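Visitor: Keeping their order, the protein sequence lines are chains A and B.
Start counting at 1 in the first sequence, then tack on 112, and there's your number in the working numbering.
Start counting at 1 in the second sequence, then tack on 9, and there's your number in the working numbering.
Positions of the beta carbon are idealized from the N, C-alpha and C atoms, including for glycine.
Remember, predicted model here, so these are calculated numbers, not experimental data.
Encoded as structure tokens, here's the structure I'll be asking about.
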Amino acid sequence: MSEIVDILISASFWAAVIRIASPLILATMGELICERAGVLNLGIEGIMVIGAFTGWMAVYQGMPLWGGVAVAMGAGMLFGLLHATLTVPFGLSQHVVGLGVTLFATASASFAYRLMLPEVTSPPKIEPFQPLEIPVLGDLPWLGEALFSQTALTWAAFAVAGLVAFTLYRTPLGLAVRAVGENPAAVEAQGLSVTGLRMGAVIVGSGLMAVGGAFLTLSAFSSFFFEMVNGRGWICVALVVFGAWKPGKAVLGAILFAAFDALQIRLQQTDLGAVLPYQLFLALPFILSILALILMSRRAEVPAALMVPYNKGER
Amino acid sequence: MSAGQEAEVVLRLDRISKSFGALKANDAVSLTLRRGEVVALLGENGAGKTTLMNILFGHYVADEGEVQVFGQPLPPGNPRAALAAGVGMVHQHFTLAGNLTVLDNIRLGTEGLWSRSHSGARDKVERLSRDFGLAVHPDAKVGRLSVGERQRVEILKALYRDARILILDEPTAVLTPQESDALFATLRKATALGLSVIFISHKLHEVMAIADRCVVLRHGRVVGEVDTQTTDKGALAALMVGGELSLPRAEARVAGPVLMRLDGVSTPDRGAAPGLKAVTLDLRAGQITGLAGVSGNGQAALAEIVGGLALPASGRIVLKDTPVTRWSPGEALARGVARIPEDRHHQGSIADFDLTENAVLEGYRTRFSRRGWMNWRAARAFAEGIIKGYDVRCPGPDTRIRLLSGGNMQKLILGRAMAPGPEVILANQPVRGLDVGAIAYVQSQLIAARDRGAAVLLISEDLDEIMGLSDVIHVMSQGRLSPGFTRGTMTAAELGLWMAGQKFGDADAA
Chain A
113 MSEIVDILIS ASFWAAVIRI ASPLILATMG ELICERAGVL NLGIEGIMVI
163 GAFTGWMAVY QGMPLWGGVA VAMGAGMLFG LLHATLTVPF GLSQHVVGLG
213 VTLFATASAS FAYRLMLPEV TSPPKIEPFQ PLEIPVLGDL PWLGEALFSQ
263 TALTWAAFAV AGLVAFTLYR TPLGLAVRAV GENPAAVEAQ GLSVTGLRMG
313 AVIVGSGLMA VGGAFLTLSA FSSFFFEMVN GRGWICVALV VFGAWKPGKA
363 VLGAILFAAF DALQIRLQQT DLGAVLPYQL FLALPFILSI LALILMSRRA
413 EVPAALMVPY NKGER
Chain B
10 MSAGQEAEVV LRLDRISKSF GALKANDAVS LTLRRGEVVA LLGENGAGKT
60 TLMNILFGHY VADEGEVQVF GQPLPPGNPR AALAAGVGMV HQHFTLAGNL
110 TVLDNIRLGT EGLWSRSHSG ARDKVERLSR DFGLAVHPDA KVGRLSVGER
160 QRVEILKALY RDARILILDE PTAVLTPQES DALFATLRKA TALGLSVIFI
210 SHKLHEVMAI ADRCVVLRHG RVVGEVDTQT TDKGALAALM VGGELSLPRA
260 EARVAGPVLM RLDGVSTPDR GAAPGLKAVT LDLRAGQITG LAGVSGNGQA
310 ALAEIVGGLA LPASGRIVLK DTPVTRWSPG EALARGVARI PEDRHHQGSI
360 ADFDLTENAV LEGYRTRFSR RGWMNWRAAR AFAEGIIKGY DVRCPGPDTR
410 IRLLSGGNMQ KLILGRAMAP GPEVILANQP VRGLDVGAIA YVQSQLIAAR
460 DRGAAVLLIS EDLDEIMGLS DVIHVMSQGR LSPGFTRGTM TAAELGLWMA
510 GQKFGDADAA
């Protein structure tokens, strides 16, 4: 037990928690926007792979780091456009389209990788984002290391969460997005375009998912591996439910999941790790997340029109 | 408005035509609306009223014809332009987002998407809500509001956008009589302030009460335009259905043996809805037993017992002198109980199933399958039989039932219930929301079933319907059942006292 306490009070643990949470926050915000507008985007897993790949490749080809982020976002938005076109004006099944987009995006990344780097055995490294030096706060004992030694992309992730929350609850645009996910007929009757709002939300949301993926290659690690997204997209879909479709709670959920993840890595290195098989530790964050999901999502208000395509003029 | 001095024309529909495939929904319909006037648009379901209003509001584009608002032609197919021109529409199915507050629903779409929220909205909503007598709290979540309150939000939405012309599509279909009265009061305030109203309805008494003029549609054409001062309900009904029509009235008959008896049946209360309190009720062959009462006084619990959906907590169900030991929906069907459920959309049908599938819902495991295989040929023939025998107007048995009008949907459900020749028929609100023609049809079928010896339990909130059809009338109040009153022994006023629960005290004391 004392080992767990030691882990929990170490500054490096909390720094890791925030680092692990950052891509989850970005992609969760993306998924949340889509679902608030009434579209379940299961393309998230593949779009994160695309973001991780394109961002890294752009930087490897000589673009600045922020240029890589922009490229990742653009690529994500393209796949978002594909998803939105199929699910919104054509009204196809959101599950099928989402899984299709994930397969397509993952395969595209793999294809492009082999095309562009036919010879390499291990993927080349880039120079990733470095932690920002924050004056005063960064020099605080413990807190400085735990909270204020993060890269610019982490700060961006939290800023995005704030921006999403502000937009959803404080602007007419956010009002329209929330309404279109609840009752598209209400939006139509007020003279707004259901198709425009939903497609816009899916495209912007997909862009954020891709930036979440790019965080992995441009900030967390310095290279691209095929398995690196590793189910994070699915976790984000669950985090949206966990957060009851509210940005603040979803961020808390991402931090909670990240804490479980950071904890299990460190537990593996303790005496416990010598006794128990490591797979058990890997499963820990998922098991705990499922439990938390069950507890938290009972009274959640699901957007009423989620997964319901809107056909103008149909009864 | 004094005679000879005509008020300004605010809306002119000029020879509007619209077809859906082979169906001509609107055929050269013209209509004018003047300032401060209420015009009723009257017609049976499927007469083209809603289509016409959807064209006006820009949900549909007309094939021919023009809409002019305040003398300006309205661009077709553009709800935003209609809103901007001062047309506000209250749809039959509300267009509100339940997760938003009243205020947010009203503001939605009134501000530029990229601008900051506007702070004067709340004051304006509160002022309108006061001026028009539309009491509703701006910060309440719409999902938690009652149907009447939601309608007020819809009207506020239109007023907030400075609508000068209000279109209300069957606004009273979902309201209690008290809420309807409040709505009419609001409409009178609105017209006094110079607004104009188009009131779509198929309820004649309402049209007579609120409208100045009445335009009657039948099969997509205007068949008459009358001043409500100079006409009566009978003349309007005749215009609507194209001929004289009177609702059936059942003549008294000698009742047969008791086919079903509830013997001291009680059920637990469910939240605000009272359960049954030791209810004893006999359903006799060749008799229509009417169950009157204000909605939510235990009728639902009683219907569930009769239909096999629930078991009594105490008391017995007796079928032809034999107490039942097992009771379930399947058992009820097997024992000859037929059901016309209260809500045909949710309990009576599956919207995306076709007519054949819906027709065999109560018999697919018994009558239409053998050794686990569906007999679709028989099912389809059965559906076709109902369509023909019960005049279900539809393109064919492969049509999804959601595309049918309420009346035709109900006819299919009626045909399904009657087909096995049931002994007991539970008809729960069988004509709610139907037009005059369909009402007459459904009621005459219930009378026919009685005449061939079935026991009919008719549950309705409409006293006229109960008194017109029933051989015996019971009243429910707070889960208690009144004694049975035979035909003609009670006035509506006396039944009203039972419905209010006052007479039960007397009976207990006696």
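Is there a Cβ of chain B sitting closer than 8 Å to that of A:E300, yes or no?
Guide: On the first sequence, position 188 is the one that residue 300 of chain A refers to. So, interface residue.
Visitor: Check for me: the beta strand (DSSP E) holding B:T375 runs from which residue to which?
Guide: Indexing the second sequence from 1 puts residue 375 of chain B at position 366. Unbroken run through B:T375: none, as it is neither H nor E.
Visitor: Just how far apart, CA to CA, sit A:E239 and A:E339?
Guide: Working through the first sequence from its first residue, we reach residue 239 of chain A at position 127. Working through the first sequence from its first residue, we reach residue 339 of chain A at position 227. Distance between the alpha carbons of A:E239 and A:E339: 20 Å.
Visitor: With which residues is B:M269 paired in a DSSP beta bridge?
Guide: Counting from one through the second sequence, the residue named residue 269 of chain B turns up at place 260. DSSP lists B:L292 and B:L328 as partners of B:M269.
Visitor: Of all the options B:R44, B:G55 and B:P88, which has the alpha carbon lying nearest to the alpha carbon of B:G80?
Guide: Numbered from 1 along the second sequence, position 71 holds the residue referred to as residue 80 of chain B. Taking only the C-alpha atoms, the option nearest B:G80 is B:R44.
Visitor: Which whole-angstrom value describes the C-beta separation of B:P82 and B:A90, a residue pair presumed to lie in contact below a C-beta threshold of 8 Å?
Guide: For the purposes of this step, residue 82 of chain B is taken as residue 73 along the second sequence, with counting starting at 1. For the purposes of this step, residue 90 of chain B is taken as residue 81 along the second sequence, with counting starting at 1. Not really, about 10 Å apart at Cβ, beyond 8 Å.
Visitor: Since A:G210 contacts A:L154 with CB under 8 Å, what's their CB separation in whole angstroms?
Guide: What you label residue 210 of chain A is simply residue 98 of the first sequence in a count that begins at 1. What you label residue 154 of chain A is simply residue 42 of the first sequence in a count that begins at 1. With a Cβ gap of about 3 Å, A:G210 and A:L154 count as contacting.
Visitor: Taking DSSP as the reference, what is the three-state secondary structure of A:E300?
Guide: For the purposes of this step, residue 300 of chain A is identified with residue 188 of the first sequence, where counting begins at 1. Reduced to three states, the DSSP call for A:E300 is helix.
Visitor: To the nearest angstrom, report how far apart A:W178 and A:A332 are at their CA atoms.
Guide: Working through the first sequence from its first residue, we reach residue 178 of chain A at position 66. Working through the first sequence from its first residue, we reach residue 332 of chain A at position 220. For A:W178 and A:A332, the distance between alpha carbons rounds to 15 Å.
Visitor: Quick check on A:R290 - is its C-beta less than 8 Å from some C-beta in chain B?
Guide: As a position in the first sequence, residue 290 of chain A is number 178, starting the count at 1. Yes, contact with chain B.
Visitor: Quick one: give me the first and last residue of the alpha helix (DSSP H) that A:M160 is part of.
Guide: Working through the first sequence from its first residue, we reach residue 160 of chain A at position 48. Unbroken alpha helix (DSSP H) run through A:M160: I156 to Y172.
Visitor: Contact between the region 181-189 of chain A and the region 163-171 of chain A: three or more CB pairs below 8 Å?
Guide: Taking 8 Å as the limit for Cβ pairs, the verdict is that the region 163-171 of chain A does touch the region 181-189 of chain A.
Visitor: Which residues in the same chain have their Cβ closer than 7 Å to the Cβ of A:V129, if we skip the five residues on either side of it in sequence?
Guide: For this step, residue 129 of chain A is matched to residue 17 along the first sequence. I367, A370, A371 and A374, listed in sequence order.
Visitor: Name the two residues that bound the continuous beta strand (DSSP E) containing B:T59.
Guide: The sequence position of residue 59 of chain B within the second sequence is 50, counting from 1. Careful: B:T59 lies outside any beta strand (DSSP E), inside the alpha helix (DSSP H) at K58 to L65.
Visitor: Comparing C-alpha positions only, which one of B:S479, B:I482 and B:A368 sits nearest to B:M427?
Guide: As a working note, residue 427 of chain B is residue 418 in the second sequence. Residue B:A368 is the option with its Cα nearest to B:M427.
Visitor: What span of residues does the alpha helix (DSSP H) with B:L245 cover, start to end?
Guide: Sequence index remark: in the second sequence, residue 245 of chain B carries index 236 (1-based). Element bounds for B:L245: K242 to V250.
Visitor: Just the chain A side, please: which residues come within less than 9 Å of B:W123 by C-beta, in chain order?
Guide: Here residue 123 of chain B refers to the residue found at position 114 of the second sequence. Those within 9 Å of B:W123 in chain A are T283, P284 and L285.
Visitor: Which complete alpha helix (DSSP H) runs does the region 303-368 of chain A hold, if anything under 4 residues is left out?
Guide: If we require 4 residues or more, the alpha helix (DSSP H) runs fully inside the region 303-368 of chain A come out as 306-327 and 344-354.
Visitor: Taking 8 Å as the CB-CB limit, is A:P415 close to chain B?
Guide: Taking the first residue of the first sequence as 1, we reach residue 415 of chain A at position 303. Judged by the 8 Å Cβ criterion, A:P415 is in contact with chain B.
Visitor: Can you tell me whether A:W126 is buried or exposed? The criterion is at least 16 other CB atoms within 10 Å of its CB, across all chains shown.
Guide: For the purposes of this step, residue 126 of chain A is taken as residue 14 along the first sequence, with counting starting at 1. That one is buried.
Visitor: Would the region 382-394 of chain B and the region 328-337 of chain B be scored as touching if the rule is three or more Cβ pairs under 8 Å?
Guide: With a cut-off of 8 Å, the region 328-337 of chain B and the region 382-394 of chain B do not count as touching, because too few Cβ pairs lie within range.
Visitor: Counting pairs of beta carbons, one from the region 443-453 of chain B and one from the region 401-412 of chain B, are three or more of them closer than 8 Å?
Guide: Cβ pair count under 8 Å is below three, so no.
Visitor: Based on the DSSP output, what are the partners of A:P243 in its beta bridges?
Guide: Here residue 243 of chain A is taken as the residue at index 131 of the first sequence, counted from 1. For A:P243, which the question treats as bridged, DSSP gives the partners A:T263.
Visitor: Go to A:C146, then tell me how far its alpha helix (DSSP H) extends in each direction, as first and last residue.
Guide: On the first sequence, position 34 is the one that residue 146 of chain A refers to. Note, A:C146: alpha helix (DSSP H), A123 to R148.
Visitor: Is B:S358 near the ligand MN - that is, is its Cβ less than 7 Å away from at least one heavy atom of it?
Guide: No copy of the ligand MN occurs in the structure displayed, which carries no ligand at all.
Visitor: Per DSSP, what are the beta-bridge partners of B:G394 in this structure?
Guide: Locating residue 394 of chain B in the second sequence gives position 385, where the first residue counts as 1. Answer is none; B:G394 lacks a bridge partner.
Visitor: Could you pull out every residue in the same chain whose Cβ sits closer than 7 Å to the Cβ of B:M10, ignoring the five residues on either side in sequence?
Guide: What you label residue 10 of chain B is simply residue 1 of the second sequence in a count that begins at 1. Reliability of the predicted coordinates at B:M10 is poor, the pLDDT of 43 falling under 50, and the value obtained from them is presented with this limitation in mind. Result list for B:M10: A16 and G45, in chain order.
Visitor: Taking a cut of 9 Å between CB atoms, which residues from the region 214-247 of chain A lie near chain B?
Guide: Under the 9 Å Cβ criterion, the region 214-247 of chain A contributes no residue.
Visitor: For B:I209, which three-state DSSP category applies?
Guide: Position 200 of the second sequence, counting from 1, holds the residue named residue 209 of chain B. In the structure shown, B:I209 sits in a strand (DSSP, three-state: E or B).
Visitor: Leaving out five residues on either side along the sequence, give the residues of the same chain with a beta carbon under 6 Å from the beta carbon of B:A172.
Guide: Stepping through the second sequence from its first residue, residue 172 of chain B is reached at position 163. If we look at B:A172 and ignore the five residues flanking it on each side, its Cβ neighbours are G95 and G97.
Visitor: Quick one: which chain B residues come within Cβ less than 7 Å of A:G303?
Guide: Locating residue 303 of chain A in the first sequence gives position 191, counting from the first residue. In chain order: P88, R89, L92 and G118.
Visitor: What is the C-beta distance between B:V315 and B:L466, in whole angstroms, given that I count them as a contact (C-beta under 8 Å)?
Guide: Here residue 315 of chain B corresponds to residue number 306 of the second sequence, with the count starting at 1. Here residue 466 of chain B corresponds to residue number 457 of the second sequence, with the count starting at 1. Their Cβ separation, rounded to whole angstroms, is 6 Å, which keeps B:V315 and B:L466 in contact under 8 Å.
Visitor: Just to confirm before moving on: does the CB-CB distance between B:I297 and B:R459 stay below 8 Å?
Guide: Reading the second sequence from its first residue, position 288 is the one you call residue 297 of chain B. Reading the second sequence from its first residue, position 450 is the one you call residue 459 of chain B. Contact: yes.
Visitor: At what residues does the alpha helix (DSSP H) containing B:D132 begin and finish?
Guide: As a first step, residue 132 of chain B must be located in the second sequence, where it is residue number 123. A130 to D140 is the extent of the alpha helix (DSSP H) around B:D132.
Visitor: Taking its Cβ as the centre, do 16 or more other Cβ atoms sit within 10 Å of A:L403, making it buried, or is it exposed?
Guide: Numbered from 1 along the first sequence, position 291 holds the residue referred to as residue 403 of chain A. A:L403 should be labelled exposed.
Visitor: Comparing the C-beta of B:T240 with each C-beta of chain E, is any distance below 8 Å?
Guide: Going by chain labels, chain E is absent from the structure shown, which instead holds the protein chains A and B.
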